[in-house]
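Written out below as structure tokens is the structure these notes cover.
Residue numbers (our numbering), protein chains in the order written: chain L, 1 to 212; chain P, 1001 to 1044.
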């Protein structure tokens, strides 16, 4: 049931989930965090993208409003990259229990990313001053983003478009599939095909969007 | 920390219509509070 919340309550919840996911990427598996993320994504077309990005930017940078690209949001807020790193760090030659324990979080991140894309497609409007995404960006993303923001200072910002973030999103999902030993997590063919198949199908949908 | 009751296949099927995706304790950002939230965030 939908409940009416005060502005302060919503903002506190925003801060709470950002802190939780930043503290530990598996925080997504808590009911409260997942509900908040899903609610934001569900109403992504209602909340102005600029407002959402700016809030997250301020929270992440301690009040210094630096521009965030959508892929920054995916990587930092949604936390898929952090969860991927945590999973790989738990790899063991013979004992796969630790590696397998990331199954739920990985499935939920894949799902929230899919949800995010749906919301982004609906909200594919300008978010105001924002850094265009640098295609193929790797771990130096934060520094590169900051440098880009500085170089753009004083210039008129290019409106954000979802299409700018398609390539890095594909790259992120490709990295997930490349780095994960999926057979250790999804032990049956049916399970594995379920996750990999759905992710690949999702990538094909994005690629189709870029070609249309 | 209560773990979410999540099934990937079921969730993806429900996502075919995002507007009706079921969420517990859903925030009312789609109603009158949305404009206020936007204003606050834009002035942050």
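Even glycine gets a Cβ: it sits at the ideal position worked out from N, Cα and C.
Between residue 112(L) and residue 1004(P), the gap from beta carbon to beta carbon reaches 9 Å or more. At a beta-carbon threshold of 8 Å, the residues of chain P lying near residue 107(L) are 1006 and 1008, ordered along the chain. The three-state reading of DSSP puts residue 39(L) in helix, counting H, G and I together. Taking C-alpha positions only, residue 103(L) is separated from residue 87(L) by approximately 9 Å.
At a cut-off of 9 Å between beta-carbon atoms, residue 29(L) makes contact with chain P. In this chain, residue 27(L) is not harboured by any alpha helix (DSSP H), its DSSP state being neither H nor E. Within chain P, the residues 1008 and 1009 have their CB atoms less than 8 Å from the CB of residue 194(L), given in chain order. Look at residue 1003(P) here: in three-state DSSP terms it is strand. Rounded to whole angstroms, residue 114(L) and residue 95(L) show a C-alpha spacing of 31 Å. Contact with chain P is found for residue 198(L), since one of that chain's Cβ atoms lies less than 9 Å from the residue's Cβ.
At a beta-carbon threshold of 7 Å, the residues of chain P lying near residue 111(L) are 1008, 1011 and 1012, ordered along the chain.
In terms of CA proximity to residue 1018(P), 38(L) leads the group 38(L), 19(L) and 106(L).
Judged by DSSP secondary structure, residue 185(L) falls within the alpha helix (DSSP H) whose first and last residues are 182-185. For the 9 Å CB-CB criterion, residue 180(L) and residue 80(L) do not form a contact. Chain order gives the chain P residues near residue 115(L) as 1015, 1018 and 1021, where near means a beta carbon separation below 8 Å. Residue 35(L) is a Cβ neighbour of residue 1024(P), given a cutoff of 9 Å. Proximity of chain P to residue 84(L) at the Cβ level (cut-off 9 Å) is not reached, the minimal Cβ distance being about 17 Å. Take the alpha-carbon of residue 195(L) and the one of residue 26(L): they are about 18 Å apart.
Within chain P, 1006 have C-beta atoms less than 7 Å from the C-beta of residue 104(L), given in sequence order.
Neighbours of residue 118(L) in chain P, taken as residues at a C-beta separation under 8 Å, are given in chain order as 1015 and 1018. Judged by their CB atoms, residue 166(L) and residue 199(L) are not nearer to each other than the 9 Å cut-off.
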